[in-house]
Every structure is written in structure tokens, then in C-alpha cells.
Amino acid sequence: MLRFVVRRLLQAVPTLLVLSILLFAWLRSLPGGPATAMLGDKATPAKIAQLNQVLGLDQPIYLQYLRFLRRVLTGDFGNSLVSGDPVVEEIGRAFPATIELSVVALIIAVGLGIPLGYLAARYRGRMLDNVTVVGTLVGVAVPVFFLGYLLKYVFANTLGWFPPSGRQAVDIDATHVTGFFVLDGMMTGEWDAAWDALVHLVLPGLALATIPLAVIVRITRASVLDVVNEDYVRTANAKGLAPGTIRGRHVLRNALLPVSTTIGLQTGLLLAGAVLTEKVFNWGGLGSLLAEGIDRKDYPRLQALILLAAFVYVVVNLLVDISYAIIDPRVRVR
Amino acid sequence: MSSLALLDVRDLTVTFHRKGARPFTAVDGVSFDVEPGRTVGLVGESGCGKSVTSLAIMGLLPRRGATVGGSVTFEGTDLLTLSASAMRERRGRDLGMVFQDPLSSLNPVVSIGLQVSEVLERHRGLPRKKAMVEAADLLDKVGIPDPRRRLSEYPHQLSGGMRQRALIAMALACRPRLLIADEPTTALDVTIQAQILALLAELVRDTGTALILITHDLGVVAGLCDEVNVLYAGRVVERAERHALFARPRHPYTNGLLASIPRLDGARGERLRPVRGSVNDNIPWRSGCAFAPRCPNALDVCRLVTPEMVADGPGGLLRCHNPVVHTEEVTA
Numbered sequence: 534m535l536r537f538v539v540r541r542l543l544q545a546v547p548t549l550l551v552l553s554i555l556l557f558a559w560l561r562s563l564p565g566g567p568a569t570a571m572l573g574d575k576a577t578p579a580k581i582a583q584l585n586q587v588l589g590l591d592q593p594i595y596l597q598y599l600r601f602l603r604r605v606l607t608g609d610f611g612n613s614l615v616s617g618d619p620v621v622e623e624i625g626r627a628f629p630a631t632i633e634l635s636v637v638a639l640i641i642a643v644g645l646g647i648p649l650g651y652l653a654a655r656y657r658g659r660m661l662d663n664v665t666v667v668g669t670l671v672g673v674a675v676p677v678f679f680l681g682y683l684l685k686y687v688f689a690n691t692l693g694w695f696p697p698s699g700r701q702a703v704d705i706d707a708t709h710v711t712g713f714f715v716l717d718g719m720m721t722g723e724w725d726a727a728w729d730a731l732v733h734l735v736l737p738g739l740a741l742a743t744i745p746l747a748v749i750v751r752i753t754r755a756s757v758l759d760v761v762n763e764d765y766v767r768t769a770n771a772k773g774l775a776p777g778t779i780r781g782r783h784v785l786r787n788a789l790l791p792v793s794t795t796i797g798l799q800t801g802l803l804l805a806g807a808v809l810t811e812k813v814f815n816w817g818g819l820g821s822l823l824a825e826g827i828d829r830k831d832y833p834r835l836q837a838l839i840l841l842a843a844f845v846y847v848v849v850n851l852l853v854d855i856s857y858a859i860i861d862p863r864v865r866v867r
Numbered sequence: 127m128s129s130l131a132l133l134d135v136r137d138l139t140v141t142f143h144r145k146g147a148r149p150f151t152a153v154d155g156v157s158f159d160v161e162p163g164r165t166v167g168l169v170g171e172s173g174c175g176k177s178v179t180s181l182a183i184m185g186l187l188p189r190r191g192a193t194v195g196g197s198v199t200f201e202g203t204d205l206l207t208l209s210a211s212a213m214r215e216r217r218g219r220d221l222g223m224v225f226q227d228p229l230s231s232l233n234p235v236v237s238i239g240l241q242v243s244e245v246l247e248r249h250r251g252l253p254r255k256k257a258m259v260e261a262a263d264l265l266d267k268v269g270i271p272d273p274r275r276r277l278s279e280y281p282h283q284l285s286g287g288m289r290q291r292a293l294i295a296m297a298l299a300c301r302p303r304l305l306i307a308d309e310p311t312t313a314l315d316v317t318i319q320a321q322i323l324a325l326l327a328e329l330v331r332d333t334g335t336a337l338i339l340i341t342h343d344l345g346v347v348a349g350l351c352d353e354v355n356v357l358y359a360g361r362v363v364e365r366a367e368r369h370a371l372f373a374r375p376r377h378p379y380t381n382g383l384l385a386s387i388p389r390l391d392g393a394r395g396e397r398l399r400p401v402r403g404s405v406n407d408n409i410p411w412r413s414g415c416a417f418a419p420r421c422p423n424a425l426d427v428c429r430l431v432t433p434e435m436v437a438d439g440p441g442g443l444l445r446c447h448n449p450v451v452h453t454e455e456v457t458a
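Those protein sequences? They're chains A and B, same order as listed. Residue numbers for the first sequence follow my numbering, beginning at 534 and rising by one. Residue numbers for the second sequence follow my numbering, beginning at 127 and rising by one.
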């Protein structure tokens with residue numbers, strides 16, 4: 534298993550390398566550039582050229598790339614053109630916020646999606662099933678930012694059940710160790726801080742979870758309906774097994790195979806959704822870094838962010854493959 | 127006869143209902159019985175209702191969409207009146223079943239050992255460890271070599287014959303008094319077929335289990351069954367002891383089936399003799415004999431009056447107005 538993991542991670546290296554080249558070329562082909570963005574519309578061509586020279590952007594693109602690559606190999610992605618801080622530090626500060634939000638959304642999507650999908654299949658054609666099917670259709674169709682504002686308006690602004698934005702109340706004195714606020718609170722024993730962070734996660738977590746939740750419900754439902762008609766489920770029935778054993782061991786275990794693939798794909802999309810959700814809830818994660826970076830043509834920051842997203846995607850899909858191997862003996866590698 | 131019977135199926139009727147379609151009767155008043163330790167064949171072509179009959183006996187038909195009538199008396203209890211949970215207690219313990227396609231009938235993601243031992247855990251209350259030890263014994267008994275190693279293997283790692291042996295081990299794990307084998311050899315290679323049939327014969331002899339063997343293959347019947355019920359369009363048309371059936375088939379359908387078997391000792395260039403036509407779902411038994419349109423012996427009465435089941439010869443039953451007459455019978 535370890536060899537499998539190492540091999541898969543090594544396979545990711547050429548992928549990331551090719552992506553970095555494409556990304557490099559693509560960013561520099563966008564109209565405008567960091568110099569224009571910094572100096573504004575009234576800048577003279579001479580000033581722009583001068584700034585480009587300072588930034589090293591006047592050199593041939595392959596030289597720029599090679600220099601970038603050499604620095605990246607030492608872990609240096611350069612300094613942000615917006616803040617002047619090293620990009621790695623910027624991302625390090627914002628990364629936990631996005632991961633915390635994504636993990637919560639994923640827990641909601643998987644934790645609710647699989648049971649709901651299973652129940653819909655079990656009570657196929659009845660009330661629960663119909664409500665679920667219609668609900669998931671709505672869930673897929675409603676854009677994240679719209680749902681975000683709706684949740685915020687109803688549950689925060691009108692009902693006041695949840696805070697409307699931010700990651701933690703400002704007046705809470707919390708110690709931050711890892712940057713994952715809930716985890717920090719639990720580690721330091723500051724339970725009020727952990728609880729407050731958790732309450733802040735509810736609305737953005739729900740908003741971000743809707744699409745993956747809806748997809749997981751639908752896939753689970755379809756998959757269970759497929760599996761219950763399999764011959765081996767009939768065999769399990771012919772053996773007179775307890776209903777719980779049949780459902781868990783014979784139906785659900787097989788039905789989860791396509792679901793785990795879906796979870797992997799949806800986790801990748803979660804990063805895209807997080808950008809929008811963070812905007813709505815003023816979350817201060819990678820989303821705001823990215824938005825600002827695109828606005829200001831912050832090449833170093835964008836390069837690091839996009840490569841990071843690609844790397845996360847590779848890791849998530851590796852996890853999916855590992856889960857596959859755990860569930861299905863047929864794909865286990867020698 | 128019925129007082130001795132282990133299983134007594136009376137007027138079993140199965141009707142499927144589907145939205146937007148007319149109800150379809152797949153089994154139309156089937157009656158037969160199985161005495162302890164005997165092997166009874168249910169023979170017929172595809173769609174004659176033999177598999178549905180077996181699923182109805184096992185209580186495995188979907189609760190919604192299928193109505194089951196008549197009675198299935200097993201050791202004095204009508205299985206059709208049992209609750210779902212009472213029936214679950216009996217399945218796997220008193221009644222075992224082996225299916226046609228061993229690959230699709232095994233769960234691909236659960237080890238062979240667990241698939242055998244879960245029956246023992248469920249019906250004999252054995253803890254996992256003990257059940258696994260016994261599972262290895264069972265695999266050994268059905269002729270799987272190196273059974274301890276096989277316990278942790280998965281269905282895709284076994285050959286077709288081994289898979290069917292494993293399924294037989296599961297069905298026989300709790301020593302049921304009745305085993306139903308639904309086309310157990312159809313999906314297997316010819317050489318493996320013979321091995322599996324020999325295994326079934328041996329297990330039936332050793333354990334005293336009664337066996338209902340469902341097949342379309344008269345060769346299988348000839349090798350294994352004590353008596354045979356021939357089904358046509360959801361009804362039994364002939365019942366006979368094995369030797370009587372092969373020596374003197376009385377129903378024109380049985381006769382046709384036997385005549386259609388290609389013979390190695392036949393004359394060169396001799397044509398195969400199929401039973402003409404195919405089963406027509408829409409022919410109800412209510413107005414005449416369902417086989418009449420295909421029957422070489424058909425009379426006018428066959429298309430008007432449904433033949434009743436009548437005694438025919440020693441231990442035989444027949445549903446036909448104009449049965450095949452064998453010459454030695456006329457002289458006797």
C-alpha cells in the first residue's frame with residue numbers, strides 16, 4: 534500500500550510540471566499585467582516598462598519560467614506583488630480557513646448524503662423519496678452565492694440564530710495554534726472559542742455543502758437501487774441473513790463504490806465553491822486571496838494558489854483510490 | 127403420499143402486477159411434493175415458471191408486485207402464511223438454495239470465508255472464529271482444495287467451478303432438509319458441470335437432504351433425479367419416475383423434448399427434431415391446452431377443453447387429452 538501511495542505521488546510530479554508551464558504562459562497572456570494593475574490607467578508606457586524591468590517581467594518568458602522553477606524547488610514561490618509578503622506565508626495564513634470550511638461542508642455532504650440517498654432508495658416512490666429527489670434537483674440548480682445570501686438573510690439577519698459572517702466573534706479571546714479555529718479551541722481547552730467557531734461554520738458550511746450533498750444523495754440512491762437487484766443480494770436473502778447484515782454488508786458496501794468516486798470529484802469542485810462562499814460570508818480564506826490576486830494580476834500568488842489547488846486535487850483522488858482499494862478487493866494492487 | 131412429504135406444494139399460483147400492464151400469471155396452479163431425501167426435477171423450457179416456482183417456495187419473490195396463491199407446506203407448516211421474519215429464520219437453516227450464475231450470486235467485496243460463516247453465525251449463533259473454522263470444513267467438504275487459504279480470498283480469485291462449490295457450501299452450511307438448485311450447472315463448462323452434479327449427488331446421499339433440481343437439461347435429470355415434473359406454461363403437464371419418463375414419455379411435450387436431444391448414435395445426415403414454435407405468454411390454460419398450438423397430437427378437444435391432471439401409470443400424473451401411446455403398453 535505504501536509503495537502504491539509513493540508511486541501515485543511521484544506520478545503527480547509530471548502532471549504538476551506540465552500544469553505549471555501552461556499556467557505560466559496563460560497568466561502572462563492575459564491582457565494587462567501587474568505593472569498596469571499597480572500603476573493604474575493613467576500610467577505612461579515608460580513607467581510601465583520601468584516597473585516591468587524591476588519585476589523581471591521584461592525578460593524572455595522561458596527565462597522567467599526557469600528562474601521560477603529554480604526558486605520553487607527550494608520552496609520559494611516569490612513575494613506577492615500586492616502585499617509584498619512571501620506567497621507561501623500568505624497562503625499558510627489563509628489555507629486553514631478554507632480547509633476548515635471545506636472539511637465541514639464535506640462532512641455535511643457525506644454524513645447526510647449517504648443516509649438520505651439510502652433511505653430514498655429504500656422507500657422508493659414514496660413521500661420521502663419524492664421529496665428527496667425534488668430537493669436534490671433544487672440543490673444542484675441553485676447557485677452557491679445565491680443560497681449563501683439567502684441563508685444569511687433568513688438565519689442570520691432575520692432570525693439571528695447564526696452569525697452572518699466571519700470565522701469567530703471579535704470579542705472572543707482565542708489562542709490560535711494551527712489556524713483551524715475549532716481544533717485550536719479544543720486543543721487549548723477554550724471550549725467557548727471552539728463553539729463560537731463552530732457556530733460560525735454552520736451557514737457557510739451548509740451553503741458550500743448543498744451541491745455535493747445533492748450529487749451524493751442522487752448517486753447513492755441510484756447505486757443502491759442498482760445493487761438491490763443484484764444476484765448476490767438475492768443469495769444473501771436466500772441465506773436468511775438478518776436485514777441489517779444484508780443492508781450493510783451486501784447492499785451498502787457495494788453501493789458505496791460509485792459514491793466514493795463522486796466524493797472525490799466533488800471535493801475538487803468544493804475548492805471552486807469555497808471561493809464564492811468565502812466571498813458571501815467574508816471568510817478570509819484562499820478565496821479572497823485568489824480574487825484579489827486575479828484583480829491585481831499578482832502572478833506569484835496566482836501561480837502558487839493554482840498549483841496548490843491542483844496538488845490538493847491529486848491528493849484527494851489518491852485518497853479516493855485508497856478508499857476504493859479498501860472497499861473493493863478487485864482493484865487492490867499486487 | 128402427502129402425509130409422507132417433506133414439502134407439499136398445492137395449487138401454487140404466482141401473478142405479477144405491473145403498472146400499465148395486464149397482470150401476468152407465471153405459475154398457474156402447480157402442485158407437486160418432495161419426500162425426505164428424494165431428488166425431484168422441475169423441467170421445462172425458459173419461461174415455463176420453474177424459477178418463479180422455486181423463488182415462491184423460498185419466499186424470495188418481491189412483496190410488492192407479486193401475488194402468491196395456493197400453499198407450500200413444509201414439515202406441516204404453510205410457508206406462505208409465515209411472517210417475513212419467521213421465513214428469514216427458516217431460509218438458510220431449513221431451506222437452502224443454489225443459483226444459476228455463481229459469479230453474480232456471490233458478493234464481490236466480501237471474502238468467501240465471511241460469506242460462508244455468516245450463515246453459521248446467523249442460524250447457529252456461532253461466534254466469528256468458530257464459524258470460520260467450520261466454514262473451512264465446509265469448503266473442504268465441497269471439494270475446494272486448501273480451504274483455509276480460500277477463506278480470505280474473494281469471488282474473483284476463484285474459478286467458476288470453485289465459486290459454485292462455495293455457493294453449495296453456503297446453502298448446505300446449516301444442513302437444511304431441503305435444497306433447491308436452480309440451474310446449478312448452466313453457467314459452467316461441460317467438464318465442470320459433471321463434477322458439480324456428482325458433488326450434489328454425493329451430498330444429497332450423505333446428508334439425506336431432499337433436492338429440488340430445476341433445469342432445462344434432460345441430461346441432468348437423467349443423471350440425478352428420482353422423479354420428474356415437466357412444466358409447460360406455468361403448469362405441470364406430466365409427473366413420472368425417472369425411468370418411466372425416459373422409457374415412456376406420455377405427454378407429447380415431454381416426448382418432443384426427448385426426441386429433440388441430438389443423438390450420437392443416430393444415422394448420419396439425420397435432421398434434428400425441435401419442438402416447433404415457442405411458448406406463447408398469451409395462451410391461457412382456461413380455454414384449452416396451452417401446448418395445443420405446438421402439439422403434433424392435438425385434437426379439436428384440445429383447443430376447447432383444458433385437460434385435467436389424471437393418474438397415469440404407477441406413480442405418474444398426466445395432463446393431456448391425447449397422450450403418446452407406446453406399443454408395449456398396448457400389448458400389456
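Quick reminder that beta carbons are idealized off the backbone N, C-alpha and C, glycines included. Just so you know, these numbers come straight off a predicted model, no measurement behind them.
- The beta-carbon distance between residue 323 of chain B and residue 312 of chain B, rounded to whole angstroms, is 12 Å. This is too long to meet the 8 Å contact definition.
- A direct Cα-to-Cα measurement between residue 733 of chain A and residue 537 of chain A gives close to 39 Å.
- In summary, residue 586 of chain A is exposed, with fewer than 16 beta-carbon neighbours lying within 10 Å of its beta-carbon over all protein chains present.
- Taking 3 residues as the shortest admissible run, the stretch 551–592 of chain A contains no complete beta strand (DSSP E) segment at all.
- At a cut-off of 8 Å between C-beta atoms, residue 791 of chain A does not count as an interface residue with respect to chain B.
- Within chain A, no C-beta atom comes less than 9 Å from the C-beta of residue 381 of chain B; the nearest is roughly 34 Å away.
- For residue 763 of chain A, the nearest beta carbon of chain B is closer than 8 Å to its own beta carbon.
- In chain order, 235 make up the part of chain B whose C-beta sits under 7 Å from the C-beta of residue 860 of chain A.
- Using a Cβ-Cβ cut-off of 8 Å, residue 777 of chain A does not count as an interface residue toward chain B, since no Cβ of chain B sits closer than that to its own.
- Here the alpha carbons of residue 330 of chain B and residue 200 of chain B stand approximately 18 Å from one another.
- In this structure, residue 741 of chain A sits near residue 803 of chain A, with a CB-CB distance shorter than 8 Å.
- Under the three-state reduction of DSSP, residue 183 of chain B is assigned to helix.
- Apart from sequence neighbours up to five positions away, the residues of its chain that approach residue 162 of chain B with a beta-carbon distance below 6 Å are 132, 336, ordered along the chain.
- For residue 193 of chain B, the enclosing beta strand (DSSP E) covers residues 192–200.
- A contact is defined here as three or more CB-CB pairs under 8 Å, and the stretch 427–434 of chain B fails this definition with respect to the stretch 346–354 of chain B.
- The Cβ atoms of residue 756 of chain A and residue 853 of chain A do not sit closer than 8 Å to each other.
- Here residue 367 of chain B has 353, 441 as same chain residues with Cβ atoms under 6 Å from its own Cβ, once five neighbours each way along the sequence are excluded.
- Residue 669 of chain A is outside the set of residues whose beta carbon lies under 8 Å from a beta carbon in chain B.
- Against chain A, a Cβ distance below 7 Å from residue 282 of chain B picks out 863.
- Distance from the CA of residue 807 of chain A to the CA of residue 819 of chain A, rounded to the nearest whole angstrom, comes to 8 Å.
- Using a Cβ-Cβ distance cut-off of 8 Å, the stretch 138–151 of chain B and the stretch 185–196 of chain B are in contact, since at least three pairs of beta carbons, one from each stretch, lie closer than that value.
- Between residue 175 of chain B and the set B:360, B:145, B:215, the nearest pair of CA atoms involves B:360.
- Contact check for residue 306 of chain B and residue 180 of chain B: beta-carbon distance about 5 Å, within the 8 Å limit, so the pair qualifies.
- Contacts with chain B at 8 Å (Cβ-Cβ) include residue 773 of chain A.
- Per the coordinates, the alpha-carbon of residue 611 of chain A lies some 26 Å from the alpha-carbon of residue 633 of chain A.
- For residue 767 of chain A, the nearest CB of chain B lies under 8 Å from its own CB, placing it at the interface with that chain.
- Less than 8 Å separates the beta-carbon of residue 700 of chain A from that of residue 730 of chain A.
- Residue 340 of chain B: member of the beta strand (DSSP E) spanning 336–341, first to last residue.
- Residues of the stretch 782–807 of chain A with a Cβ closer than 7 Å to any Cβ of chain B, in chain order: 782, 783, 786, 787.
- Against chain A, a Cβ distance below 8 Å from residue 249 of chain B picks out 773.
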